[in-house]
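**Student:** Here it is, the structure, as structure tokens.
Protein chains: 2
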Amino acid sequence: MKKQILLTPGPSQVPPRVAEVAARPMIHHRTPEFREVLARIHKNIRCVMGTTGDVFILASTGTGALEAGVANTLSAGDKVLCAVAGKFGERYSEICQAFGMNVVEIVKEWGGLVTASDVRKALESHPDAKAVFVTHSETSTGALHPLHEIGPVVREHGALFIVDTVSALGGVPMKMDEWGIDMLAAGSQKALMIGPGLAFLGMSARAWKAYETSTLPKFYFDMKHYKKRWEEKGETPFTSAVTLCLQVDEALQMIMEEGLDNVIERHRRLSRACKAGAAALGLEFYSENRSDIETVVRVPDGIDGVALVSMAQERFGIKLSGGQAQVKGKIIRIAHMGYATEQDVILALSALEMCLARMGFDAPLGAGVKAAEEVFQNEM
Amino acid sequence: MKKQILLTPGPSQVPPRVAEVAARPMIHHRTPEFREVLARIHKNIRCVMGTTGDVFILASTGTGALEAGVANTLSAGDKVLCAVAGKFGERYSEICQAFGMNVVEIVKEWGGLVTASDVRKALESHPDAKAVFVTHSETSTGALHPLHEIGPVVREHGALFIVDTVSALGGVPMKMDEWGIDMLAAGSQKALMIGPGLAFLGMSARAWKAYETSTLPKFYFDMKHYKKRWEEKGETPFTSAVTLCLQVDEALQMIMEEGLDNVIERHRRLSRACKAGAAALGLEFYSENRSDIETVVRVPDGIDGVALVSMAQERFGIKLSGGQAQVKGKIIRIAHMGYATEQDVILALSALEMCLARMGFDAPLGAGVKAAEEVFQNEM
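Protein chains in written order, with this note's numbering: chain Z, -6 to 373; chain Y, -6 to 373.
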């Protein structure tokens, strides 16, 4: 007998209450019943995004929403700045290049941070930049970009501020309007607690202004269709991903019942405990300004990171993530987002310390768990 | 107490066995376990599409796959022919226009059919056409385009043959390779028996040849990413819509267990019975060359079509569809696709004849059901 516990930075665990909804009989998407669902999702997503502006539901994964951010606001040849400090920063840059943008990358080493000061310098060097792309929580490294500091710099310059919060929304604070974000892309399979396949896009009035002059070809991700259908009928222009909408509706209601501030605070507490546990094991963090949705540590010298992740799953039923691309085998990522509790952190640290000890790393059994327990004790 | 039965042409009913799968604990998409799921889907979708070529799974609705058919093979300014005889033919044309194609529409009245001879004439008038777009089952009208006749004409000319089988795949025969189809777009929420949100794209070697010279910008629907990741890892390039993939895997296994030929034959039988019932009620069919996935009839003079659809649902729990756009209120559509049985046809006809009688149409109670029963009796 083995319980499998999913602690990867997306997909994340789905609460039973949300999972069950997917097994209900299918309903049609052009009905009063379903319009109610969509209306509630819009209301709650607005709240989680911190916006009173337009929000749209896309039947795609987060990458589709990233593309929508580009295709609806820009034109081929436009100069844009992309903050690149990990895999998802690179993805924004790839999308912009695929759409013929003149891309200037603001590059930091993986694990590093593109700061407001970096963005200011880049904008001074490239005053003709039309947009700045930043990844909120860079899941490939664990870093959290300080959007609240970058936003005002971008706004002052007049460029569009386009943000990927795919992995962060619902797990860390997000104030789209206050921070001056114009296009905000989010996904369903992280802190929003359902499976992958649904994305959300917040769109500011400034973004709509940019839409008017954007000449990139688009259809499935053309937000004009979404806005029109929403305003006229309270529906999506193309068929809604009904199952996933019903699920995210339920998940968002759970977030509202717990209280968004409490949800964010829970993420903070789990993050603090998991990071305290990792530190107590003598592990080194991989990134600066660490996001609360995951804990990312370097694999100690002499340890096989890929084997460690396998052992945690096969022997202890704890599914962690290793590194992607250039950090494959070099980091371990423990996600504590969405439907995650203190229990998950305890089990993750317990599996981690047992695996490390078994693989010859000098980590005292129980030390990580103890440090996490101390955090929880102090916050009872 | 009321049982609600969904008989709309998408979404359609989901078998309990498939629905349950969605409620299982979430799994990660970069695992041997999930790669097995994807491999099985690919194998079975190939079989249902009738191709030995490439097939891809998209996290989008069918419209995303339609767009992929355009964006991966053509360039702005290319001349294309679009067969337009209903809402989804119009959609192909809209997508092509959005991507800057030089669109020539081959227009028939809604309910009509674009024939091989129409396509031949159009190709003769436009020998520079790069592609021909045809909707297989035009769900807005109930017509089925004769792809087996159109395909050879297109191939002879040398244009690409790009087909929307979103609502038909799994319900009527499809022989992608034999009919010379180059891009084939399908959806999940019709005869494939899961909810909306997943799409499938078949892509021929000729389509890949066209890919090389296509200059339309693309990223989320860039099939190069899909092909590379599939060949290297047996995965999707972006996150898979895990829940929906698990479901369609189960649904495709059900189709294989029943036997694809038997599934197609079941659709034929239900279609024959439903159409016999409609004819017995004195109703007039809306379209030529009627598809087996639905029965589409004109609303008799003097009857309020919108009210009839409401009454069928509210009074009898049978969810039918009315007409879209220019035929709103003028037609009734009864879908019998996917997880549909003789019982569904009986109940649909029963509700239909009761509603018609109640609304003053001279339809003898029981006549529609009787005609359907005769079909079933003859085929026992």
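Heads up, the beta-carbon is just placed ideally off N, CA and C, and yes, glycines get one too.
1. For leucine 263(Z) and alanine 318(Z), what's the separation of their Cα atoms in angstroms?
2. Say whether chain Z places a C-beta atom closer than 9 Å to the C-beta of lysine 211(Y).
3. Taking Cβ positions only, does phenylalanine 231(Z) come closer than 9 Å to chain Y?
4. Let's see if you can read the secondary structure: which residues bound the beta strand (DSSP E) around aspartate 254(Y)?
5. Work out the CA separation of histidine 35(Z) and valine 101(Y) for me, nearest whole Å.
6. Check the Cβ of lysine 312(Y) against every Cβ in chain B and list those closer than 9 Å, keeping chain order.
7. So, helix, strand or coil for aspartate 157(Y), using DSSP?
8. Under 8 Å between beta-carbons, which chain Z residues line up against glutamate 13(Y)? List them in chain order, please.
9. Look up threonine 206(Y) in the DSSP assignment and say whether it is helix, strand or coil.
10. For proline 25(Y) and aspartate 337(Z), I'd like the C-alpha separation in whole angstroms.
11. Would the C-beta of arginine 199(Z) count as close to the ligand SAM, meaning under 8 Å from any of its heavy atoms?
12. Can you grab the Cα-Cα spacing for the pair glutamate 277(Z) / leucine 237(Z), in whole Å?
13. Within a Cβ cutoff of 8 Å, which residues of the same chain sit near glycine 361(Y), ignoring the five residues on either side of it in sequence?
14. Is there contact here, the stretch 99 to 113 of chain Y with the stretch 65 to 76 of chain Y, by at least three beta-carbon pairs under 8 Å?
15. Could you run through the stretch 43 to 56 of chain Z and flag, in chain order, every residue whose CB is less than 8 Å away from some CB of chain Y?
16. Here's the rule I'm using: 16 or more other beta-carbon atoms within 10 Å means buried, otherwise exposed. How should glutamine 6(Y) be labelled?
17. So, do the stretch 39 to 55 of chain Y and the stretch 195 to 214 of chain Y have three or more beta carbon pairs nearer to each other than 8 Å?
18. Does DSSP put aspartate 170(Y) in a helix, in a strand, or in coil?
19. Using 10 angstroms around the beta-carbon of serine 118(Z), count the other beta-carbons present and answer buried if the total reaches 16, otherwise exposed.
20. Which word fits alanine 32(Y), buried or exposed, when buried means at least 16 other C-beta atoms lie within 10 angstroms of its C-beta?
21. Could you check where the beta strand (DSSP E) with valine 77(Y) kicks off and where it finishes?
22. With a CB to CB cut of under 6 Å and the five nearest residues on each side skipped, what residues in its chain are close to proline 230(Z)?
23. Is there a C-beta anywhere in chain Z that falls below 9 Å from the one on phenylalanine 92(Y)?
24. For chain Y, check one thing: does any of its Cβ atoms lie closer than 9 Å to the Cβ of glycine 3(Z)?
25. Could you list the residues in the stretch 84 to 112 of chain Y with a C-beta less than 8 Å from some C-beta on chain Z, going in chain order?
26. Do asparagine 65(Z) and aspartate 215(Z) have their beta-carbon atoms positioned less than 9 Å apart in this structure?
27. Helix, strand or coil for threonine 54(Z) per DSSP?
28. Does proline 139(Z) come within less than 9 Å of chain Y when only Cβ atoms are used?
29. Among Arg17(Y), Lys(-4)(Y) and Asn282(Y), whose alpha-carbon lies nearest the alpha-carbon of lysine -4(Z)?
30. State yes or no: is the beta carbon of leucine 194(Z) nearer than 9 Å to at least one beta carbon in chain Y?
31. When we look at the beta-carbon of asparagine 255(Z) and count the other beta-carbons within 10 Å, is it buried (16 or more) or exposed?
32. From what residue to what residue does the beta strand (DSSP E) around alanine 179(Z) run?
33. Buried or exposed for arginine 326(Y), going by 16 or more other Cβ atoms inside 10 Å?
34. At 3 residues or longer, and completely inside the stretch 306 to 364 of chain Z: list those beta strand (DSSP E) runs for me, N to C.
35. Which residues mark the beginning and the end of the beta strand (DSSP E) in which methionine 42(Y) is found?
36. At which residues does the alpha helix (DSSP H) containing glycine 82(Y) begin and terminate?
**Tutor:** The short version:
1. C-alpha separation (whole angstroms): 27 Å.
2. At a cut-off of 9 Å between beta-carbon atoms, lysine 211(Y) makes contact with chain Z.
3. The beta carbon of phenylalanine 231(Z) sits closer than 9 Å to some beta carbon of chain Y.
4. Note, aspartate 254(Y): premise wrong, no beta strand (DSSP E); alpha helix (DSSP H) at 253 to 273.
5. Checking the sequence, you will find lysine at residue 101(Y) rather than valine. Each residue's alpha carbon lies about 39 Å from the other.
6. The structure shown contains no chain B; its protein chains are Z and Y.
7. Strand, per DSSP.
8. Result: Ala16.
9. Here threonine 206(Y) sits in helix by DSSP.
10. Computed Cα separation, rounded: 23 Å.
11. Of ligands this structure carries none, so the ligand SAM is not represented either.
12. About 38 Å.
13. Within its own chain, the residues whose Cβ lies closer than 8 Å to the Cβ of glycine 361(Y), once the five positions on either side in sequence are excluded, are Gly270, Ala271, Ala273, Leu274, Leu342, Ser343, Leu345 and Glu346, listed in chain order.
14. Inter-segment contact for the stretch 99 to 113 of chain Y and the stretch 65 to 76 of chain Y is present: three or more beta-carbon pairs are separated by less than 8 Å.
15. For the stretch 43 to 56 of chain Z, which is checked against every Cβ of chain Y, the residues closer than 8 Å are Ala52, Ser53, Thr54, Gly55 and Thr56.
16. Counting Cβ neighbours within 10 Å, glutamine 6(Y) comes out buried, since at least 16 surround it.
17. Three or more pairs of CB atoms, one per stretch, sit closer than 8 Å, so the stretch 39 to 55 of chain Y contacts the stretch 195 to 214 of chain Y.
18. Correct three-state label for aspartate 170(Y): coil.
19. Serine 118(Z) sits exposed, since fewer than 16 C-beta atoms from the chains shown fall within 10 Å of its C-beta.
20. The residue is exposed, with fewer than 16 neighbouring Cβ atoms inside 10 Å.
21. Secondary structure note for valine 77(Y): its beta strand (DSSP E) is the uninterrupted segment 72 to 77.
22. Contacts found: His218, Tyr219 and Arg222.
23. At least one C-beta of chain Z is nearer than 9 Å to the C-beta of phenylalanine 92(Y).
24. Yes, glycine 3(Z) counts as interfacial toward chain Y.
25. Answer set for the stretch 84 to 112 of chain Y: Glu87, Ile88, Ala91, Phe92 and Gly93.
26. Against a cut-off of 9 Å, the Cβ pair of asparagine 65(Z) and aspartate 215(Z) comes out as a contact.
27. In this structure, threonine 54(Z) counts as coil in the three-state DSSP scheme.
28. No Cβ of chain Y is located within less than 9 Å of the beta carbon of proline 139(Z).
29. Out of Arg17(Y), Lys(-4)(Y) and Asn282(Y), the CA that lies nearest to the CA of lysine -4(Z) is found in Arg17(Y).
30. No, its Cβ sits nowhere closer than 9 Å to a Cβ of chain Y.
31. Classification of asparagine 255(Z): exposed, given that the 10 Å Cβ count is below 16.
32. Unbroken beta strand (DSSP E) run through alanine 179(Z): 176 to 180.
33. Counting other Cβ atoms within 10 Å of its Cβ, arginine 326(Y) reaches 16 or more and is therefore classed as buried.
34. The qualifying runs are 324 to 328.
35. According to the DSSP assignment, methionine 42(Y) belongs to no beta strand (DSSP E) but to the alpha helix (DSSP H) extending over 25 to 42.
36. Glycine 82(Y) -> alpha helix (DSSP H) spans 80 to 91.
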